[in-house]
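See below for the structure under consideration.
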Amino acid sequence: MGGGEGEGDVIGAVIVDTGTAAQEWGRIQQQKKGQADKQKRPEPVVEEKPPEPNQEEIKHQQEVQRQEELKRQQEQQRQQEIKKQQEQARQEALEKQKQAEEARAKQAAEAAKLKADAEAKRLAAAAKQAEEEAKAKAAEIAAQKAKQEAEAKAKAAAEAKAKAEAEAKAKAAAEAKAKADAEAKAATEAKRKADQASLDDFLNGGDIGGGSASKGGNTNKGGTQGSGAALGSGDGGKVGDQYAGVIKKEIQRRFLKDPNFAGKVCRIKIQLGRDGTILGYQKISGSDDICSAALSAVARTKKVPAAPSDEIYEKYKSPIIDFDIR
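Going by UniProt numbering, the sequence shown opens with residue 1, and the numbers climb by one from there.
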């Protein structure tokens, strides 16, 4: 009974069977009659003769059926449209969900990529920093090592220089000492030879204090008892007395004589060291004018030849010298 389905409007066609309609009409009337019989009994049932089918009624029934079929089809179409819309909505929801999931997955992937990139950059930066720190540490160690080596070289050079300078100074000092010792020895030897020459000259009759051997200028003159050896003019004597003459000669070489000293004598006592150094002196007697010249001569002399022996030194370490102009 229904028509075909398509994209356009659905048109339903209804075919009415008149025989069936008459039977339906009779059935309805029988039902009505049965109901009336139940209500009106025991009234006798008068059977009505079914009327002849009414064309208007038939058309009306047909229209009703057509409208019902149309409504059914429209409802079916509406339900199908609803299902279609629901399916479309479901598909759209699925698509949206898929897109959302894809977006989330993409976002997660991008986030993971960003995180991985950031981690890679961090690791690269850390590796670079570690490399730079290692280079800096190595440079620092190298610089420290170079500094230590330079300091060690400088220290070694300074020590070598100091050692060389010390050795040079020691050598120079040793050489200077050896030279000084040699010079001192030579000077001592020269002095000894000079003293010996003076003593030899004296022993050979040389002049002491301006006198001569023939005049008795090299003799010892007795002094006051306990005052030490007295050195003056007189006759010759022993070797010790000859040494006393050397002492007097050495000092009187510096004695400045004055005619006013005529008839005057100044006696001076001196103290000698073992090497002949004059350690001290003092006036024993005499006028001031001649004694002043005598004391000045002693002061300028400072040292006389050393005694040739300890025995002679002990005898003449505190001699008394007479100064006059004879």
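Backbone N, C-alpha and C fix where the C-beta goes; we use that ideal spot for every residue, glycine too.
Since this is a predicted model, take the numbers as computed values, not measurements.
I need the boundaries of the beta strand (DSSP E) containing residue i, first residue and last residue.
| i | result |
| --- | --- |
| ASP322 | 320-323 |
| GLY273 | That residue, GLY273, is in no beta strand (DSSP E); it is neither H nor E in DSSP. |
| GLY280 | 278-285 |
Enumerate in chain order the residues of its own chain whose CB-to-CB distance from residue i is below 8 Å, with the five nearest sequence positions on each side excluded.
| i | result |
| --- | --- |
| GLY280 | ILE270, GLN271 |
| LYS302 | THR277, ILE278 |
| VAL64 | none |
| LEU256 | ALA293, SER296, ALA297 |
| ALA134 | none |
| ALA150 | none |
Could you check where the alpha helix (DSSP H) with residue i kicks off and where it finishes?
| i | result |
| --- | --- |
| LYS315 | 310-316 |
| ARG300 | 288-301 |
Quick one: residues in its chain with C-beta nearer than 6 Å to the C-beta of residue i, no 5 flanking neighbours on either side, listed in chain order?
| i | result |
| --- | --- |
| LYS264 | SER287, ILE290 |
| PHE261 | ILE290, ILE325 |
| GLN282 | LYS269 |
| GLY210 | Because the pLDDT at GLY210 is just 34, under 50, the model does not fix this residue reliably, and the value given afterwards should be weighed accordingly. Nothing meets the Cβ criterion. |
| ARG300 | ARG254 |
| ALA168 | none |
| SER285 | ARG267 |
Which partner residues does residue i have in the DSSP bridge list?
| i | result |
| --- | --- |
| ILE268 | LYS283, ILE321 |
Given residue i, which residues of its chain have a CB within under 7 Å of its CB, disregarding the five upstream and five downstream residues?
| i | result |
| --- | --- |
| VAL298 | ILE251, ILE268, ILE270, ILE278, TYR281 |
| ALA127 | none |
| ARG274 | ALA306, TYR313 |
| GLY206 | Reliability of the predicted coordinates at GLY206 is poor, the pLDDT of 40 falling under 50, and the value obtained from them is presented with this limitation in mind. Cβ neighbours of GLY206 beyond the five flanking positions: none. |
| ALA158 | none |
| ALA136 | none |
| GLN55 | none |
Let me check you understand the geometry: is the CB of residue i closer than 7 Å to at least one non-hydrogen atom of the ligand COA?
| i | result |
| --- | --- |
| LYS84 | The ligand content of the structure shown is nil, which means the ligand COA is not present either. |
Assess contact between the region 251-265 and the region 308-316, defined as three or more Cβ pairs (one per stretch) separated by less than 8 Å. Is contact present? no
Just to confirm the assignment: which complete alpha helix (DSSP H) runs, minimum length 4, are found wholly within the region 40-128? none
Runs of beta strand (DSSP E) lying entirely within the UniProt region "Disordered" (124-180), each at least 3 residues, in chain order: none
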